[in-house]
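These notes concern the structure reproduced below.
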Amino acid sequence: MNHYATQKSLSEAVDGGGLLVVAQWEAKPGEADKVAGILDRFLPEAQREDGVKLFLISRGKDNPAQFLFYELFRDEAAFKAHQESAHFKTCIAGEALALLAKRERAQYGLL
1 MNHYATQKSL SEAVDGGGLL VVAQWEAKPG EADKVAGILD RFLPEAQRED GVKLFLISRG
61 KDNPAQFLFY ELFRDEAAFK AHQESAHFKT CIAGEALALL AKRERAQYGL L
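Here UniProt numbering is used: position 69 in the sequence shown is 69, and no number is missing along the way.
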C-alpha cells in the first residue's frame with residue numbers, strides 16, 4: 001500500500017479534540033491484495049475530506065490480511081459526511097466490505 005500524509009503535525013491534528021474511530025479489518029482468504037488496492041485508491045480521497053483531521057491505514061506485518069484504520073474527525077457530523085461521501089460508498093461499501101471476513105469498529109473521544 002502506498003502511504004499518504006498531510007502536512008499537519010500530530011499536535012495540530014489533535015488540537016481541539018474530535019471523534020476518533022479505530023477500525024480493524026481482516027480480508028477473506030486470497031483477497032488481501034485486492035483490499036489493499038481498493039484502500040490505495042480510497043485513502044487519499046478520505047484524507048482530503050474537510051472534516052478529517054487525521055486518517056491512517058496500516059497493513060499487518062505478520063498477517064497482511066489485517067488492516068488497521070485510525071481516523072480522527074472534527075466531530076460526529078464530519079464522520080457522517082465521510083460515510084456519505086462518494087469515495088466511501090464506491091470503494092468501501094461497494095467494493096471492500098464484500099471481501100472481508102471480519103470488520104470491527106469503535107469510537108472514542110480524545111482526552
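Quick reminder that beta carbons are idealized off the backbone N, C-alpha and C, glycines included.
Can the beta-carbon of residue 23 be found closer than 9 Å to that of residue 99? Your numbering for residue 23 matches position 23 in the sequence shown. Your numbering for residue 99 matches position 99 in the sequence shown. Cβ distance not < 9 Å, so residue 23 and residue 99 don't count as in contact.
Status (buried if at least 16 other CB within 10 Å, exposed otherwise) for residue 53: As a working note, residue 53 is residue 53 in the sequence shown. Counting Cβ neighbours within 10 Å, residue 53 comes out buried, since at least 16 surround it.
Reducing DSSP to helix, strand and coil, say where residue 105 ends up. For the purposes of this step, residue 105 is taken as residue 105 along the sequence shown, with counting starting at 1. The answer is strand: DSSP assigns residue 105 an E or B state.
Is there contact here, the stretch 27 to 37 with the stretch 88 to 108, by at least three beta-carbon pairs under 8 Å? Short answer: they touch.
Any idea what DSSP makes of residue 111, helix, strand or coil? Counting from one through the sequence shown, the residue named residue 111 turns up at place 111. Residue 111: coil per DSSP, three-state reduction.
Do the CB positions of residue 82 and residue 41 come within less than 9 Å of each other? Position 82 of the sequence shown, counting from 1, holds the residue named residue 82. Position 41 of the sequence shown, counting from 1, holds the residue named residue 41. Going by C-beta atoms, residue 82 is not nearer than 9 Å to residue 41.
Using the C-alpha atoms, what's the distance from residue 19 back to residue 51? Within the sequence shown, the letter at position 51 stands for residue 51. Within the sequence shown, the letter at position 19 stands for residue 19. Distance between the alpha carbons of residue 51 and residue 19 is about 10 Å.
So who's on the other strand from residue 79, going by DSSP bridges? Counting from 1 along the sequence shown, the entry for residue 79 is found at position 79. Residue 79 pairs with nothing; no bridge assigned.
Where does residue 46 sit, in a helix, a strand or coil, going by DSSP? Counting from one through the sequence shown, the residue named residue 46 turns up at place 46. Helix.
Residue 17 and residue 110 - do their beta-carbons sit closer together than 9 Å? If you number the sequence shown from 1, residue 110 lands on position 110. If you number the sequence shown from 1, residue 17 lands on position 17. The Cβ atoms of residue 110 and residue 17 lie closer than 9 Å to each other.
So, at 6 Å on beta carbons, what are the nonlocal neighbours of residue 71 in its own chain, with the 5 sequence-adjacent residues on each side left out? Residue numbering aside, residue 71 sits at position 71 when the sequence shown is read from its first letter. Hits under 6 Å: 21 and 55.
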